[in-house]
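Since the structure comes first, as structure tokens, the remarks are kept for the end.
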Amino acid sequence: MGWNELFFGALIVIGLGAFFFFGRLRAGKTQRERQNKIRWRKH
Amino acid sequence: MSKHNALTTFGRSGNPMFRGEAFKPDATFAETEASGRMTLAGTVNKTGILLVLCLVTASFTWNIFFGTGDPAAVSGLLWIGLIGGLILAIITIFKRQWAGVTAPLYALAQGLALGGISAKFEAQYPGIVIQAMGLTFGTLGVLLLAYKSGLIKPTENFRLMIVAATGGIALLYLVSFVMGFFGSSIGFIHSNGLFGIGFSLFVVAIAALNLVLDFDFIEEAAEQGAPKYLEWYGAFSLMMTLIWLYLEILRLLAKLRSRN
Chain A
1 MGWNELFFGA
11 LIVIGLGAFF
21 FFGRLRAGKT
31 QRERQNKIRW
41 RKH
Chain B
1 MSKHNALTTF
11 GRSGNPMFRG
21 EAFKPDATFA
31 ETEASGRMTL
41 AGTVNKTGIL
51 LVLCLVTASF
61 TWNIFFGTGD
71 PAAVSGLLWI
81 GLIGGLILAI
91 ITIFKRQWAG
101 VTAPLYALAQ
111 GLALGGISAK
121 FEAQYPGIVI
131 QAMGLTFGTL
141 GVLLLAYKSG
151 LIKPTENFRL
161 MIVAATGGIA
171 LLYLVSFVMG
181 FFGSSIGFIH
191 SNGLFGIGFS
201 LFVVAIAALN
211 LVLDFDFIEE
221 AAEQGAPKYL
231 EWYGAFSLMM
241 TLIWLYLEIL
251 RLLAKLRSRN
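Protein chains in written order, with this note's numbering: chain A, 1 to 43; chain B, 1 to 260.
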């Protein structure tokens, strides 16, 4: 296994790990409670 | 196959999902019981299911390609995946209540196509697939963190800009595809010159920013207690953007490698 596989393999694991961990959490207050949010229900 | 053939054959992609009706409340929206409401965890789990399904069929075509060593051996599966995926995506967009059935089928179909496309690129440029996958999932993780932390704040103008740019790219690919039937094409789309690489970088950026729209849609739908089937729809939407991003990164890397 070369550096290419090691580096990009690690990137896959870290990226997916971040998605499966942080994806379950609610966004921060600054994201949720702002006035200029996208009004998805309108579209 | 020449070094540039894979780019011209598989380069015509675009995210056809326009979310005009995506979050429009329907009759079931306000009356949904707590157990039947969409959650973030549910959407993440369903995205995981779709990724696994896509990987299973992608491995199937990948193994056929490298088992036989014949690109023609996967052509049939590849086109079934591409056309089937397109039909299933259109059905899902217009009948989001069916997403629980159509989204997994879409992932299976796209896996067939992605396995064949990836194998053809890998045969020309060894090591390119793991690079594209690493960059795709790396982008997913980084943008999710940026979104959750509030570093990127999507607004109505942001949405308009991304939807317009996505539509423009889709139109450009469509024109190039039609021109292909008359033996012509829009040169810079497939070129490995500076302009072609710049164009690919722009498309990768737009595809990546579509992820932010997906995150915002999912977050807002879960906050509002949308019906459970929107978990599948949210996962489908994310999957569609990820596939587009992966293909564009693959094209960009191939353009860069073909210059050597």
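Beta carbons are placed, not taken as given, at the ideal position from N, Cα and C, and that holds for glycine. It should be emphasised that the depicted structure is a prediction, and the values quoted were computed from it without experimental measurement.
- CA-to-CA, the gap between residue 58 of chain B and residue 154 of chain B works out to about 33 Å.
- Residues 143, 147, 152, 154 of the same chain have their beta carbon placed closer than 7 Å to that of residue 212 of chain B, with the five preceding and five following residues left out of the count.
- Apart from sequence neighbours up to five positions away, the residues of its chain that approach residue 230 of chain B with a beta-carbon distance below 6 Å are 38, 221, ordered along the chain.
- Annotation: Cβ neighbours of residue 155 of chain B in chain A (cutoff 8 Å, chain order): 36, 37, 38.
- For residue 254 of chain B against residue 121 of chain B, the beta-carbon gap comes to about 6 Å, under 8 Å, which counts as contact.
- Around the beta-carbon of residue 156 of chain B, fewer than 16 other beta-carbon atoms lie within 10 Å, marking it exposed.
- At a cut-off of 8 Å between beta carbons, residue 161 of chain B makes no contact with chain A.
- In the DSSP assignment, residue 37 of chain B is bridged to B:227.
- With respect to chain A, the C-beta atom of residue 217 of chain B has a partner C-beta closer than 8 Å.
- Proximity of residue 122 of chain B to chain A, defined by a Cβ-Cβ separation below 8 Å, is not satisfied.
- A contact is defined here as three or more CB-CB pairs under 8 Å, and the region 170-184 of chain B fails this definition with respect to the region 226-245 of chain B.
- Neighbours of residue 41 of chain B across chain A, judged by C-beta separation under 7 Å: 24.
- Closest in C-alpha terms to residue 105 of chain B, from the list B:123, B:92, B:167, B:204, comes B:92.
- With respect to the 8 Å criterion, residue 246 of chain B and residue 136 of chain B are classified as neighbours on the basis of their beta carbons.
- In the three-state reduction of the DSSP assignment, residue 70 of chain B falls in the coil class, being assigned neither a helical nor a strand state.
- Contact between the region 67-87 of chain B and the region 97-113 of chain B is established, with three or more Cβ pairs separated by less than 8 Å.
- At least 8 Å separates the beta-carbon of residue 27 of chain A from that of residue 76 of chain B.
- Taking every protein chain shown into account, the CB of residue 217 of chain B has 16 or more other CB atoms within 10 angstroms, so this residue is buried.
- Judged by DSSP secondary structure, residue 126 of chain B falls outside any alpha helix (DSSP H); it is assigned neither H nor E.
- Between residue 252 of chain B and residue 201 of chain B, the gap from beta carbon to beta carbon is short of 8 Å.
- The distance from the Cβ of residue 172 of chain B to that of residue 189 of chain B is about 7 Å, consistent with a contact at the 8 Å cut-off.
- Here residue 99 of chain B has 92, 229, 232, 233, 236 as same chain residues with Cβ atoms under 7 Å from its own Cβ, once five neighbours each way along the sequence are excluded.
- When C-beta distances to chain A are compared with 8 Å, the residues of the region 126-156 of chain B below that value are 127, 130, 131, 133, 134, 135, 136, 137, 138, 139, 140, 141, 142, 144, 145, 147, 148, 149, 150, 153, 154, 155, 156, in chain order.
- Within its own chain, the residues whose Cβ lies closer than 6 Å to the Cβ of residue 118 of chain B, once the five positions on either side in sequence are excluded, are 129, listed in chain order.
- Using a Cβ-Cβ cut-off of 8 Å, residue 212 of chain B does not count as an interface residue toward chain A, since no Cβ of chain A sits closer than that to its own.
- By a beta-carbon distance limit of 8 Å, residue 127 of chain B contacts residue 4 of chain A. Their separation comes to about 5 Å.
- Among the residues of the region 172-191 of chain B, none has a Cβ less than 7 Å away from any Cβ of chain A.
- With a cutoff of 8 Å on beta-carbon distance, residue 107 of chain B and residue 54 of chain B are scored as near each other.
- If you compare the alpha carbons of A:2, A:1, A:9 with that of residue 133 of chain B, the shortest gap goes to A:9.
- Excluding the 5 residues flanking it on each side, residue 43 of chain B has same chain C-beta neighbours closer than 6 Å at 218, 231, 234, 235, in chain order.
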